[in-house]
Structure formats: structure tokens, C-alpha cells
Amino acid sequence: MEQTIAFLKEYGLHEEDIKEELRWRHGLDEEQVRQALREYRDLHAEFRLCPNCGRPIINDRYCINCGVFIKDLARGT
């Protein structure tokens, strides 16, 4: 699925067209499409986003915006 998204982005399709293509080509529902696009963005972003507040993380341990320790979130604490 990642290859499909990369190809469609490279081909120049807009996000709505990519969503429609994922629904049709892979049989995904709306939530699965959002999740696939979110995972693609996270994998290909130059920075990580805080899972708590969604803002960019400057370092891999601590979110400057909301004060959450990222490793604690990953462990569920």
C-alpha cells in the first residue's frame, strides 16, 4: 500500500484522489484510508509527530509542546 501511495503522489494526484484510489484498489474503508495516509506521512516525514498533541518533535525523547515523554507514551504509561 505504501508503494501505491508513493506512486500516486509522484504521479501528482491530490489527497482526495489518492483516498478514492485506496478505497477502490485496496478495498479500504474511510478509517483504514486515514490510517494508511497517516502511516505514510509518519514514515516519510523529516520529523516525527508527537502522538499526544500532533506537533513536531525536536528530539526523540521529549515533546517540547505538551511536555510528554515519548518513550512513556510508547509503553502506555
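Counting from -11, one number per residue, gives the positions in the sequence shown under the working numbering.
All residues carry an ideal CB built from backbone N, CA and C; glycine is no exception.
- Here F(-5) is not bridged, per DSSP, to any residue.
- Contact check for Y28 and E(-2): beta-carbon distance about 12 Å, past the 8 Å limit, so the pair fails to qualify.
- Spanning the alpha carbons of Y50 and C41 requires a straight line of approximately 12 Å.
- The beta carbon of R13 lies closer than 8 Å to those of T(-8) in the same chain, with the five residues before and after it left out.
- Per DSSP, I52 is not a residue of any alpha helix (DSSP H), being assigned neither H nor E.
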